[in-house]
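Worksheet for the structure shown next.
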């Protein structure tokens with residue numbers, strides 16, 4: 212198994228530096244892990260490789276158009292999206308945890324106007340809830356745009 216960890220700075224010289232050839236070279240058991248900048252990886256080539264199983268999978272904690280990431284990434288079972296780990300300070304994580312609890316409280320109280328901050332996991336939770344509770348109308352029409360307001 213080959214694993215490519217992308218850990219480079221983000222500037223014009225690194226945009227698309229991991230292109231179709233590099234992605235394909237990982238092979239069917241290869242994994243791509245991007246913890247640097249979304250623009251470093253050619254997302255179109257990566258999505259094609261993931262969809263066609265040209266590579267085994269990807270762990271991504273950065274995306275090209277954050278927070279408006281390509282929804283195809285969320286539909287693939289060979290992609291593990293994660294929050295960007297460079298925010299790993301005690302203070303930042305404490306505030307992030309509080310914000311997530313506030314968002315979950317608003318979610319279960321069906322109060323979308325109280326939701327703040329994009330969370331890939333919150334979007335996935337809402338989709339999962341809707342699929343398991345099709346008759347529950349609390350989140351009908353509820354989508355990622357409700358999360359785009361900064362707190």
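Numbering (this note's numbering), first residue to last: 212 to 362.
Yeah, the Cβ is synthetic: ideal placement off N, Cα and C, and Gly gets one too.
Since the structure is predicted, the reported quantities are computational estimates derived from the model, not experimental observations.
Residue range of the unbroken alpha helix (DSSP H) whose run includes residue i
i	result
residue 274	Counting along the chain, residue 274 falls outside any alpha helix (DSSP H), and DSSP gives it neither H nor E.
residue 257	254–262
residue 285	283–286
Whole-angstrom distance between residue j and residue i, CA atom to CA atom
i	j	result
residue 272	residue 222	18 Å
residue 225	residue 253	11 Å
residue 213	residue 219	18 Å
residue 295	residue 277	11 Å
residue 234	residue 255	11 Å
residue 264	residue 227	21 Å
residue 302	residue 246	21 Å
Distance between beta carbons of residue j and residue i, contact taken as under 8 Å
i	j	result
residue 287	residue 261	5 Å
residue 266	residue 238	7 Å
residue 217	residue 250	Not confirmed; about 11 Å, so no contact.
Residue i: first and last residue of the uninterrupted beta strand (DSSP E) it sits in
i	result
residue 231	Segment 231–235 is the alpha helix (DSSP H) holding residue 231; no beta strand (DSSP E) there.
residue 292	290–292
Helix, strand or coil at residue i according to DSSP, with G and I counted as helix
i	result
residue 314	helix
residue 223	helix
residue 246	coil
residue 308	helix
Any chain C beta carbon closer than 7 Å to residue i
i	result
residue 251	No chain C appears in this structure, which consists of one protein chain only.
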